[in-house]
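Numbering (full-length UniProt numbering), first residue to last: 6 to 206. Just so you know, even glycine gets a beta-carbon here, dropped at the ideal spot from N, CA and C. Treat the numbers as computed from the prediction; the structure is a model and nothing was measured. Have a look at the structure below before the remarks.
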Ligand code: GRF
């Protein structure tokens, strides 16, 4: 299976997906890393690993559909079977997500369906939750609302800030996304709930 990964920033999740796919027994290979931001640090990291990269700058387009036509042109060239959003910070329209229905994944830093959208960690702290986590889901027109393919949980500690919690969740994102992509690339849509790895730091 051919996988295109869309990023907007550092691309730490992209890197873990790419690293995992270097396994000979992994059913997928990375064929493109695409960013909406030319300054995304993840682009250089992907290029240094020999992965083709592209930039489709959303600011260069008049509107969302025009931007997505730019995305689609790049994706058509790479011809991925799966598109993995990894720290990709643009909302995609319904027509675009419908084109990729069943073939597009996203990782979201909350235990969906709680805290769709932004500032998930601050909202969990504000609500006084005692746990947080991340979710990998299929992308649909419903923002952060598609079928959940996997989750990983972390405790919220009394002295947590949004940053300390984000760091703890990110460690689990880096475990969860590769594990879910492996399954998904085999056509296995069973939900994966990762067991704690004792990473309570
Ligand atoms: C992370 O906070 C992650 O929760 C979300 O996007 C942010 C950046 O991820 N998915 P990455 O390091 O660019 O993969």
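Would a C-beta distance cut-off of 7 Å place residue 12 and residue 72 closer than the cut-off? Note that the C-beta distance between residue 12 and residue 72 is not below 7 Å.
Kindly examine the ligand GRF and report whether one of its heavy atoms sits closer than 6 Å to the Cβ of residue 44. no
Compute the beta-carbon to beta-carbon distance between residue 153 and residue 140, rounded to the nearest angstrom, for a pair I have assumed lies under 8 Å. Right, their Cβ atoms sit about 6 Å apart.
Closest Cα partner of residue 113 within the set 123, 39, 132, 127: 123
DSSP bridge partner residues for residue 58 (one or two, in chain order): 38
Just to check, is the beta-carbon of residue 41 closer than 6 Å to a non-hydrogen atom of the ligand GRF? no
Presumed contact (8 Å Cβ cut-off) between residue 105 and residue 61, rounded CB distance: Wrong, their Cβ atoms sit about 15 Å apart, outside the cutoff.
Per DSSP, cross-strand counterpart(s) of residue 96: DSSP output for residue 96 lists no bridge partner at all.
Under a three-way DSSP split, which group does residue 48 fall into? It is helical.
Alpha carbon to alpha carbon, how far is residue 187 from residue 138? Give it in angstroms, no decimals. One C-alpha to the other measures close to 20 Å.
Under 8 Å, with one C-beta from each stretch per pair, do the region 51 to 65 and the region 11 to 25 reach the 3-pair mark? Flag = yes, the region 51 to 65 and the region 11 to 25 touch.
Within its chain, find whatever has a CB closer than 8 Å to the CB of residue 107; leave out the 5 residues flanking it on each side and keep chain order. 143
Given the structure, does residue 3 come close to the ligand GRF, in the sense that its CB is under 6 Å from one of the ligand's heavy atoms? Past the boundaries of the shown model lies residue 3; the chain is included only from 6 to 206, so the question cannot be answered.
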